[in-house]
Amino acid sequence: MSPKRIVKKAKADKLDLIAICDHNSAENVAAVFKAAKKDQLKIIAGMEISSSEEVHILGLFECLEDVLSLQGTVYAQLAEGENNPAVFGDQIIANEHDEVEGYNNRLLIGATLLTAAEIVEKIHKSKGLAIASHIDRPSYSLLSQLGFIPDDIDLDAVEISPQSTLDEATEKFPEIRKIPAVTSSDAHDLGEIGRAVTLFYLAEPSVPEIKKALRNQDGRKFTLILPSPSEGED
């Protein structure tokens, strides 16, 4: 996916707010910010971080500087090794015009040396929201890797993937009922953008407002729009 095409697809799907959450990196977030500037599409700076237990945790941040600061920590804690483009593809660093400016040779698909609890703590120290990614999936989720939600992980929300309905996820994993549940497209290609969305009722499209909605504060609220079971089947 490229910055301009992400913005174009999001606007075509009538989305007002999207988060850019690449795996263990935020180097392309700025380009999407710039690409969306004329389209009145709000971009949230994010990153999906892989823990030492291979748990994926989403971080959503108030500004680009916050996620880039955490990116430095993540890079320092990445497992040793370099990306193999023949196996995993090129890790392109693009600008807002979809021009290639460089390549990231770090092993971004790998795990960091940080535990899930440490990642959540570092996200919060960077004024971000910490969300357990695709909690219902059989791999790379908090429940698939640990089997439970530890008491020392102070999550702001859990994410339900487009593979499940809210009822299916809560019936299978009743422990998530105690934590706000959101959803997202978890898009890895353009066609997946918008396949599942969380509808937020906010005073403005910002991370502090989303935090209020997750806590049901000051009239802010949210609802999930997931594909029906038939729509999610291929």
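In the numbering used here, the protein residues as written are 35 to 268.
Quick reminder that beta carbons are idealized off the backbone N, C-alpha and C, glycines included.
Does DSSP put residue i in a helix, a strand or coil?
i: residue 211; result: helix
i: residue 165; result: strand
i: residue 48; result: coil
i: residue 63; result: helix
i: residue 122; result: helix
i: residue 57; result: strand
i: residue 205; result: helix
i: residue 107; result: helix
i: residue 135; result: strand
i: residue 115; result: coil
i: residue 222; result: coil
Assign residue i to one of two classes, buried (16 or more other C-beta atoms within 10 Å of its C-beta) or exposed (fewer than that).
i: residue 123; result: exposed
i: residue 121; result: exposed
i: residue 267; result: Confidence is the limiting factor: at residue 267 the pLDDT is only 44, short of 50, which leaves the residue's position unreliable, though a coordinate-based value still follows. With fewer than 16 other Cβ atoms within 10 Å, it is exposed.
i: residue 162; result: buried
i: residue 140; result: buried
i: residue 233; result: exposed
i: residue 249; result: exposed
Please tell me whether residue i and residue j are closer than 8 Å, where the distance is taken between their beta carbons.
i: residue 155; j: residue 68; result: no
i: residue 80; j: residue 102; result: no
i: residue 134; j: residue 165; result: no
i: residue 117; j: residue 147; result: no
i: residue 180; j: residue 96; result: no
i: residue 200; j: residue 215; result: yes
i: residue 36; j: residue 132; result: yes
i: residue 153; j: residue 85; result: yes
i: residue 66; j: residue 83; result: no
i: residue 43; j: residue 73; result: no
i: residue 219; j: residue 230; result: yes
i: residue 51; j: residue 196; result: no
i: residue 244; j: residue 217; result: no
Spatial neighbours of residue i within its chain, please: CB distance less than 7 Å, with the 5 preceding and 5 following residues excluded, ordered by chain position.
i: residue 150; result: 85, 87, 89, 91, 176 and 187
i: residue 213; result: 189, 191 and 192
i: residue 107; result: 156
i: residue 127; result: 61, 62, 135, 136, 137 and 138
Only counting the same chain, and skipping five residues up and downstream in sequence, which positions put a Cβ closer than 6 Å to that of residue i?
i: residue 246; result: 252 and 254
i: residue 47; result: 228
Within a Cβ cutoff of 8 Å, which residues of the same chain sit near residue i, ignoring the five residues on either side of it in sequence?
i: residue 160; result: 93, 95, 100, 101, 103 and 104
i: residue 54; result: 40, 60, 62, 63, 66, 77, 78, 79 and 80
i: residue 38; result: 69, 130, 131 and 132
i: residue 223; result: 35
i: residue 235; result: 247, 253, 254, 255 and 256
Assess, as a yes-or-no matter, whether the stretch 170-187 is touched by the stretch 246-262 under the definition of 3 or more beta carbon pairs within less than 8 Å. no
Are three or more beta carbon pairs between the stretch 192-208 and the stretch 111-120 nearer than 8 Å? no
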